[in-house]
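The sequence shown maps to residues 46 to 1015 in our numbering. Glycine included, each C-beta is placed from N, C-alpha and C at the ideal position.
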Amino acid sequence: MLHVTFLGEQAIIDSETGDAVSVPPRALTLLAYLVVHAGMPQPRHRLATLFWPDSPDTQALTNLRRELHHLRRALAGAPDLVVTTTDLCWRDGACEVDVRAFDAEHTRAIRADDDAMFDLHATAALGAYRGAFLPGCDDDWADPVRSGLEQECVDLCDRLAAARRRADDRRAAADLMRRRIRMRPLEETGYRLLMEIQAELGDRSGAVRTYHRCAAVLERELDVEPDPVTRDAFQRLLGDGIVHAPRDGGARAPTPPLVGRDAAVATLTDVWDRASAGRAELVVVTGDAGVGKTRLVTEFARGVRRRGAVVAAARCFAGTGRLPLAPVVDWLRDPVLGAACRQIDPQWRAAVDLLMSPGRAGRGGEGAAGAWRRTRFVEGLARALVAAARPTVLVLDDLQWCDGDTLDVLHYLVAALPRAPVLIAATMRNEDGDPARRLGLLAASAPVTTVELGPLDAASAADLADRLAGRSLTGAEHAILLAGTGGFPLHLVAAMQSGVVPGAGDERAARLQDLLGSRLAGLGADAAAVIALTAAAGRDVSLDLLVEAGDLDPVATVRAVDVLWRQRILRETGRGYDFTHDLLRDAAYQRINPPQRWLLHRRLAQGIELLHGDDLDPYSAQLARQYDRGGRPDRAVPHYLRAAELATATYGYDDAVRLNRAAVTAARSLPDSVGARRHELAALESSAAPLTASRGYASPELQASLERAVDLAEQLGQREQLAAGLVGLWSSRFVQGRNVDAERVASRALAVAQSTGDGESLGAAHFACGGSAVSLARPEEALVHFEAADALTPGGRTLWVGARYDVHGRAWVAHALWLCGRFDDARAAATTAVALARTDDQPYTLAVALAYGAVTQQLLGDSAALTRTVDELGKLCDRYAFAYYREWGMVLDGWLRDDTGPVADGVERLRSTGAFARMPYWLWLLADVHARAGRTGTARAILDAALTAARSHTDRWWLPQIERSRNDLA
């Protein structure tokens, strides 16, 4: 049986296998039209004109026949699609169609005689309605169908919620109202009903948060406040004792107007015009903190949203309190982008599912081998961000704190999808450096437009002050305000709201603290307590957590949050509350004395555990940070490690490194003990894979981490961990070209592994010994070790260094066989390694096999095979962004084509990363190209460098050939 869905996504699914049936989007849209007109034959000529109005009649009918062919094949002869020579018709039969199921259940619900039958059919109808009809389809005929189905769903939510309230099932009623709000976020009815239900449930914080959310959405989308009916409903809730009604009737402080920024707005508009026309653009608004960067971008985004653009906003935070790729998560939570994601190819949608559910089992711990999965993951997220297929603005506030993994997603977006109609609009503080340097590769992939904001000039500052005051201030008052605030809008607003103007000579940080203190002094002790707790939280915090962690009773907490929200000190974020500006958070935190901070952080940590004890994963980074700042590093370390594990599982390697580093720091702050050392060892082990993936094997940070892990494992008597750490350290030293040290470490690893009796540890140690023996020109010894490694490890097991044992070992043993003069065996081993790699789904393993195979083919003089191999290797490395082996391919390809350019580039890239393994061989290849071109002087100089490298690094396997070549050119 086939399941056809048009609600929330467009697909034909085979119910038995769960696989999607391939069918072009236009054919699905045609099927949707027939389905919504089920039982009514549609003339072919009418359908052709409707779907291809700009094509001649003959071409339109041809197009119809083509799409009909795709449909009939996809439906596999199902009788539901009735086709004649003159018309097409859908008649319900063998296929399940969500639109038809919704329509049938909706009809039964409306006709139901009692609440029980209504509940049964309404629930079934809502289950069938998984989202908007044909999301992303702009055909004129689809709009009224979409609106009609949505209205029917909204009506069912209202009626079913009322029935559930009558049945005293208010939690279910609240869920229905939340669903209604998601469908109709600008209709206040849903918010009012949800507030009433939350009040009946005794959910004080929920009712206030719902009202705040309503007000925030209306202000952002329509620039209006809730209508009197909604405000009156809120006042009734306040009057019922949930919180005390404010004296000002609940009015919120007005949004400060945007003044003095006409030139900046014009620049943003120009960039947007280019982006919306189909060119990925990047704009960065820079300036000092408090100068109005966020205010400018917010106002700009509001304007383009009203003109039909998709706008998704995210904010970066300093510190370790968020999980990786948090900005991308925030963007994808946007209703439009979230709905559009359901339409993308399943392989890309899997990336979104993994990111949005980071607790799933991931494969991010594969080190370098995980790079290819990360590339696919990053590509999936980038494609999801442009899935709406309409002009999109991605707002990124506080770029200076953005994680590198989010920047990688944006880099892929602008580099691989340059015609996407998307604008990345970021803000960045001036004091945090040059935007181009912070953006790295992203800046090299797209033009960066920088908008520099400075303080307001005297005229603009006076204009803002007059508007805030509601009158024309005197020249003297303007002068005092300008001198005291420096023309910074945030300071000027704070001064006008507090009625206190700081001295002209004050530092800006002290000035803002004075202004904040003055504002808080007029709000009462409860507001000050909530401000302190929110500042200690470090990011958006839920009302429930403020209640759980604070000293105030729930009523007082809710009342204080409402006051702070109305004063625009706090803003509603969708999941909680946060400061309207980071400077306010910083200033508020500075006002807390150290003992009080310690207490607040502990209370927040305990509150998180009490509220979310059944699923701490989404809060692991935040929980670790709170325990760490609360003087409990022993409690912080496990949560840092869990957050790092989640980051690695979603290929957030930069964040994983940062979190593991924080865990190491926390562990080292503990008094020296066995427990403290175990904590540190666990953190160092956790950091190995993400460090390898993000920094490379030759990374000094990886080396230091492995050396410390080895020391700790030995101190603790952890033999298997010691063996694993030694093999990891061997890989680092080998790639660095430190062959004597690498061999010493490999021999030690083998001795330790033999004492454990663990087969996998022994296999890894033998592999390391075999690799070192090849480089030291002891090929017979290498063959023994590689044979032992192959025998001790089951097929398909993955090495710590990334690839499969059986593949990597056979690929490398080919070099040992060549050194032994067993040329046919070398060719066979290399061929077998590549064939084995092709049976795996891991491109990294294939890259290893191809790279080693290419070297073998060069050694054998098989130019035809080498040409094919380096071509495939290059494409594979480009596709999955594999470094190291990409450089191998560059060098060998240049040598093959007598082109010194790629050979020299490849050698220099290897050197720049500290990868000196096989450097004498690479230099010999470069010298050989020069020698064949008659540049003997250059060739001699390079061979001298190769001899020096071979002797200094004890890299002996290619030394005889280098010496022969040098003698030939003497």
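Rounding to the nearest angstrom, what Cα-Cα distance links residue i and residue j in this structure?
| i | j | result |
| --- | --- | --- |
| L918 | A871 | 19 Å |
| P86 | M222 | 39 Å |
| Y698 | W317 | 32 Å |
| P745 | R706 | 14 Å |
| G176 | R229 | 12 Å |
| G720 | R642 | 27 Å |
| G675 | A601 | 25 Å |
| E932 | H975 | 19 Å |
| R703 | H151 | 52 Å |
| D307 | G583 | 34 Å |
| I653 | L668 | 7 Å |
| A834 | V355 | 55 Å |
| R985 | L837 | 45 Å |
| V190 | F178 | 7 Å |
| S714 | P678 | 7 Å |
| A207 | A218 | 7 Å |
| A796 | H853 | 22 Å |
| A249 | T625 | Per the sequence shown, residue 249 should be read as Arg rather than Ala. Approximately 23 Å, taken between the alpha carbons. |
| V780 | A689 | 26 Å |
| Q104 | F96 | 11 Å |
| G569 | I576 | 11 Å |
What whole-angstrom Cβ distance do residue i and residue j have, given they're in contact under 8 Å?
| i | j | result |
| --- | --- | --- |
| V496 | V330 | 5 Å |
| A325 | V423 | That pair is no contact at about 15 Å. |
| A594 | G741 | At roughly 42 Å, the Cβ-Cβ gap does not stay under 8 Å, so A594 and G741 are not in contact. |
| S806 | A758 | Their Cβ separation, rounded to whole angstroms, is 12 Å, which puts S806 and A758 out of contact at 8 Å. |
| A260 | L201 | Rounded, the Cβ-Cβ distance is 27 Å, inconsistent with contact. |
| A712 | H724 | 4 Å |
| T168 | V328 | In fact, because the Cβ distance is near 47 Å, the residues do not count as touching under 8 Å. |
| G335 | L628 | 5 Å |
| V709 | A681 | At roughly 11 Å, the Cβ-Cβ gap does not stay under 8 Å, so V709 and A681 are not in contact. |
Quick one: what does DSSP say residue i is sitting in, helix, strand or coil?
| i | result |
| --- | --- |
| P88 | strand |
| G531 | coil |
| F927 | coil |
| Y622 | strand |
| T519 | coil |
| W967 | helix |
| E61 | coil |
| L52 | strand |
| A406 | Low per-residue confidence applies at A406: pLDDT is 45, beneath 50, and the placement is therefore not dependable, though the value from the model is reported in the following sentence. A406: coil per DSSP, three-state reduction. |
| F178 | strand |
| D598 | coil |
| E141 | strand |
| D1000 | coil |
| D443 | coil |
| T695 | coil |
| L47 | strand |
| I287 | In this predicted model, I287 has a pLDDT of only 46, less than 50, meaning its place in the structure is not dependable; the value taken from the coordinates is given anyway. Three-state DSSP puts I287 in coil, outside helix and strand. |
| V438 | strand |
At what residues does the alpha helix (DSSP H) containing residue i begin and finish?
| i | result |
| --- | --- |
| H257 | R249 to L267 |
| D943 | Looking at the DSSP string, D943 is not in any alpha helix (DSSP H), and its letter there is neither H nor E. |
| F163 | D160 to A173 |
| W135 | Per DSSP, W135 belongs to no alpha helix (DSSP H); it is in the beta strand (DSSP E), D132 to W135. |
| E270 | That residue, E270, is in no alpha helix (DSSP H); it is neither H nor E in DSSP. |
| R313 | Here the sequence assigns Leu to residue 313, which means Arg is not the residue at that position. D307 to S321 is the span of the alpha helix (DSSP H), which, as asked, contains L313. |
| A743 | That residue, A743, is in no alpha helix (DSSP H); it is neither H nor E in DSSP. |
Starting from residue i and walking both ways along the beta strand (DSSP E), at which residues does that stretch end?
| i | result |
| --- | --- |
| L615 | L615 to E617 |
| E326 | E326 to G332 |
| I469 | V467 to R474 |
| L795 | Element bounds for L795: not the beta strand (DSSP E) but the alpha helix (DSSP H), N784 to T801. |
| L715 | Looking at the DSSP string, L715 is not in any beta strand (DSSP E), and its letter there is neither H nor E. |
| A359 | V355 to R360 |
| T495 | V493 to E497 |
| L126 | L126 to V128 |
Inset, instruction - Could you name each continuous beta strand (DSSP E) segment of 3 residues or more that falls completely within the stretch 821 to 885, going from the start of the chain to the end? - result: none
### Task
Output the residue ranges of the beta strand (DSSP E) runs that lie fully inside the stretch 628 to 685 and measure 3 residues or longer, sorted by chain position.
none
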